[in-house]
Amino acid sequence: MEHPHYNDVFVPTFSRTGAALVRGEGMYLFDADGKRYLDFGAGIAVNALGHSHPAIIAALREQGSLLIHSSNLYFTQPQYELAKLLSSMTFGGKVFLCNSGTEAIEAAIKFSRKWATGASKDKFHILSFYRGFHGRTYGALSATAQEQFHEGFGPLLEGFHYATFNDIAGTKEELDKHSYAAIIVEPLQGEGGVNPASKEFLSFLRNYANEKNIALVFDEIQCGLGRTGTVWCCEHYGTVPDILAAAKPLGGGLPLGAVVCKDHIASAISPGNHGTTFGGNPLACALGCVVLAIIAQPVFLAAVKKNGEYLRNGLARIAASHKGIKEIRGTGLLVGVEMAADPKNIIPQCKDAGLLVIKAEQNTVRFMPPLIVEEKDIKAALAIFEQVLVNGKL
Ligand code: PLP
Numbered sequence: 103m104e105h106p107h108y109n110d111v112f113v114p115t116f117s118r119t120g121a122a123l124v125r126g127e128g129m130y131l132f133d134a135d136g137k138r139y140l141d142f143g144a145g146i147a148v149n150a151l152g153h154s155h156p157a158i159i160a161a162l163r164e165q166g167s168l169l170i171h172s173s174n175l176y177f178t179q180p181q182y183e184l185a186k187l188l189s190s191m192t193f194g195g196k197v198f199l200c201n202s203g204t205e206a207i208e209a210a211i212k213f214s215r216k217w218a219t220g221a222s223k224d225k226f227h228i229l230s231f232y233r234g235f236h237g238r239t240y241g242a243l244s245a246t247a248q249e250q251f252h253e254g255f256g257p258l259l260e261g262f263h264y265a266t267f268n269d270i271a272g273t274k275e276e277l278d279k280h281s282y283a284a285i286i287v288e289p290l291q292g293e294g295g296v297n298p299a300s301k302e303f304l305s306f307l308r309n310y311a312n313e314k315n316i317a318l319v320f321d322e323i324q325c326g327l328g329r330t331g332t333v334w335c336c337e338h339y340g341t342v343p344d345i346l347a348a349a350k351p352l353g354g355g356l357p358l359g360a361v362v363c364k365d366h367i368a369s370a371i372s373p374g375n376h377g378t379t380f381g382g383n384p385l386a387c388a389l390g391c392v393v394l395a396i397i398a399q400p401v402f403l404a405a406v407k408k409n410g411e412y413l414r415n416g417l418a419r420i421a422a423s424h425k426g427i428k429e430i431r432g433t434g435l436l437v438g439v440e441m442a443a444d445p446k447n448i449i450p451q452c453k454d455a456g457l458l459v460i461k462a463e464q465n466t467v468r469f470m471p472p473l474i475v476e477e478k479d480i481k482a483a484l485a486i487f488e489q490v491l492v493n494g495k496l
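The sequence shown begins at 103 in this note's numbering and counts up by one.
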């Protein structure tokens, strides 16, 4: 089938080829040519419940026929229910709802600066980490250390500094230089190549932040909400942040982001300080309530852990006979396979063979399927991946 010249009409922010996707069902996506893809990217860690999940469709129909948008000038019940759930599933903090991950990070930056500079005017500095990724708007971009994302967009915001992930001594040195409002960190870096924080590192950050009255912000936009086999990735560490940012899977496929803040930070904010027209609209929140109710079930989380292990074991078996694989990293169903060379040819060949996987930094192929994945899907994905490694052009 001849495809329209899609690229003619878009600002080329993404490099895309091939047919348009038209439909999704469970673990599969289908394109306009009728080709079927096993989805191990989940819309970049969004489709936790797969595609066309019946509970999501029911909530869409029900809330869609009642109220889709009303602005934040008024309360809505789905927004209240979602905020209560988020608060009870974290540390009991206050919730701000927005539309995306980058907006959640913007809110985290603004709230922590407002809180910290209220006590001391020069306490506005923000520390984040190399290989971390926090979004594309100016605050989140300034907190994203990699130069390739900055190029051509300077000047970035003032007061942003970077340290090496998991390097306690180097981080302390950087922290000692300035008066910090916040430290922003992904407990498990996603875009940066699937790099887990060490327990000692997160606990060092927690202790330092306590000592100097700095807001510790966990960006769980990619690693949170069930992806690692616990509701929040930080549960693996026993470390609690002051602000937790979530997004991606939260809205069941609709744009929805959130920050949960401890009360002392939330109380620095007054009406008018921050806001959003669409954020936390009743439709997205109704879907969010469905997502949270499902992913928080112990049997659901246990399956994520078990299937994550099955996936990593299968990849390790492939690695044993393929020199092209350097390392397998990750927790639960956020798994990175570091290749000896750039996997830029592997990803499209997997797609051609019917498997969607996503590239990350450090020559990494990311496997992050919907959390409803089953052993048979993992077997099928591993078979395609291995076939590409054996027969493909690497
Ligand atoms: N933070 C993390 C850890 C992410 O992985 C991403 C997106 O990939 C973002 C923030 C930005 O989220 P969004 O693309 O929804 O703005």
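Ideal Cβ placement from N, Cα and C applies to all residues, glycine included.
Note that this is a predicted model, so its numbers are computed, not measured.
Can you find the residues in the same chain that come closer than 7 Å, C-beta to C-beta, to residue i, ignoring five residues on each side of it along the sequence?
i      : result
Gly434 : Arg329, Thr330, Gly331, Val406, Lys407, Gly410
Arg238 : Thr204
Ser173 : Thr379
Ile371 : Phe213, Lys216
His338 : Thr330, Thr332, Thr433
Val124 : Phe132, Asp133, Ala134
Val490 : Ile448, Gln451, Cys452, Ala455
Gly377 : Asn174
Gly195 : Ser189, Val362, Cys363, Lys364, Asp365, Ala368
Tyr412 : Glu477, Ile480
Under 8 Å by Cβ, that's how I've got residue i and residue j pegged, so tell me the actual separation to the nearest angstrom.
i      : j      : result
Gly355 : Val148 : 6 Å
Val333 : Leu327 : 7 Å
Leu259 : Val287 : Contact flag wrong, Cβ pair sits at about 18 Å.
Gly426 : Leu496 : 6 Å
Ala360 : Val113 : Contact flag wrong, Cβ pair sits at about 28 Å.
Ala157 : Ile396 : 7 Å
Ile474 : Arg468 : So it is not a contact: roughly 18 Å between Cβ atoms.
Ala349 : Ser202 : 6 Å
Leu458 : Phe116 : Not really, about 14 Å apart at Cβ, beyond 8 Å.
Gly382 : Gln181 : 5 Å
Phe231 : Tyr282 : Actually they do not touch by this definition, with Cβ atoms about 13 Å apart.
For residue i, verify whether its CB is less than 7 Å away from any heavy atom of ligand 1.
i      : result
Lys350 : yes
Gly237 : yes
Glu183 : no
Thr115 : no
Gln324 : yes
Thr204 : yes
Ile449 : no
Gly292 : yes
Ile207 : yes
Glu411 : no
Glu288 : yes
Ile146 : yes
Asp141 : no
Asp444 : no
Asp454 : no
Asp365 : no
Asp321 : yes
Please list, in chain order, all residues of the same chain as residue i whose beta carbon is under 6 Å from its beta carbon, the five residues on each side excluded.
i      : result
Lys428 : Glu440, Ala442
Ala122 : Ala134
Ala161 : Ala388, Leu389, Val392
Phe193 : Val342
Glu183 : Cys391
Gly220 : Ala370
Going by the C-beta, is residue i closer than 7 Å to any heavy atom of ligand 2?
i      : result
Asn268 : Ligands displayed in this structure: ligand 1; ligand 2 is not among them.
If I measure Cβ to Cβ from residue i and keep anything under 8 Å in the same chain, skipping five residues before and after, which residues do I get?
i      : result
Phe311 : Phe is not the amino acid found at residue 311; the sequence shown has Ala there. The answer, listed in chain order, is Ile285, Ala317, Leu318, Asp344.
Tell me the start and end of each unbroken beta strand (DSSP E) in the stretch 393-461 that is at least 3 residues and wholly inside, in chain order. Entirely contained in the stretch 393-461, the beta strand (DSSP E) runs reaching 3 residues are, in chain order, 427-433, 436-441.
Requested in this report: Taking only runs that begin and end inside the stretch 180-244, name each unbroken beta strand (DSSP E) of 3 or more residues, in chain order.
Outcome: If we require 3 residues or more, the beta strand (DSSP E) runs fully inside the stretch 180-244 come out as 196-200, 227-231.
Return the chain-ordered ranges of every alpha helix (DSSP H) run that is complete within the stretch 116-176 and spans a minimum of 4 residues.
144-147, 156-168
What are the uninterrupted segments assigned as alpha helix (DSSP H) that are 4 or more residues long and contained completely in the stretch 296-341, given in chain order?
301-314
Extract the residue ranges of the alpha helix (DSSP H) inside the stretch 332-389, only unbroken runs of 4 or more that lie entirely within it. 365-368
Report the residue ranges of all beta strand (DSSP E) runs contained in full by the stretch 237-295; include only those spanning at least 3 residues, in chain order.
-> Correct list: 262-265, 282-287.
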